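In this note's numbering, the protein residues as written are 2 to 183. Note that beta-carbon positions come from the ideal geometry of N, C-alpha and C, so glycine has one too. Just so you know, these numbers come straight off a predicted model, no measurement behind them. Heads up, the thing below is written out as structure tokens.
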């Protein structure tokens, strides 16, 4: 099943440091210009998505297919769930910042195999920080970042241009941990 996104880029590179991919700049005709890859990434895929609710489903599918192709099933369910939460927040943040004169065309999803795990990043054009909430038992929303905080090995955010990247890393289970799974 193919992922329906505007644009997708794939990279492969062995490496060492700790950086994150920013959304690629676009040329005047709207074609992404290759962004610098983090030196630690072994593989990376980046997807441009329209900031609508369907982007969340497309992003989940993109993450699942990407991790399947990298033979990383051990973290696929968690990565898909966390990407879904980050994308939902990006769609909401993008709609909150859209104006009649300026409607953002894309949000960016990046999936990287970093060696010890998988890094999921989502860029949106809002500069408002992502803040985990403390929802009440009857609240219908506000749990997304709590899932990210709880299920990822680390997470964070950083300003990029007029927007931000919210990211999380999921560590691959060790061989001992994989042997204990049912």
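Contact annotation: residue 133 and residue 148 have beta-carbon atoms that are not nearer than 7 Å. Between residue 71 and residue 79, the alpha-carbon positions lie close to 15 Å from each other.
With a beta-carbon spacing of about 16 Å, residue 84 and residue 107 fall beyond the 8 Å limit used to define contacts.
Cβ neighbours of residue 167 within its own chain (closer than 6 Å, five residues either side excluded): 87, 123, 131 and 158. Its Cα nearest to that of residue 96, the residue 127 stands out among 118, 165 and 127. Within the segment 64–146, the runs of alpha helix (DSSP H) that reach at least 4 residues and sit entirely inside it are, in chain order, 74–98.
Taken atom to atom, the span from the alpha-carbon of residue 94 to that of residue 165 is near 10 Å. Straight-line measurement puts the Cα of residue 119 at about 10 Å from the Cα of residue 153. Collapsing the DSSP output to three states places residue 162 in coil. Counting the other CB atoms within 10 Å of its CB gives residue 135 a total below 16, which places it among the exposed residues. Judged by DSSP secondary structure, residue 44 falls within the beta strand (DSSP E) whose first and last residues are 44–50. Beta-carbon to beta-carbon, residue 170 and residue 155 are separated by about 5 Å, close enough to satisfy the 8 Å threshold. Look at residue 151 here: in three-state DSSP terms it is helix.
C-alpha of residue 49 to C-alpha of residue 162: approximately 17 Å in a straight line. Across the structure, residue 58 and residue 51 are spaced so that their CA atoms are roughly 12 Å apart.
With fewer than 16 other beta carbons inside 10 angstroms of its own, residue 139 counts as exposed.
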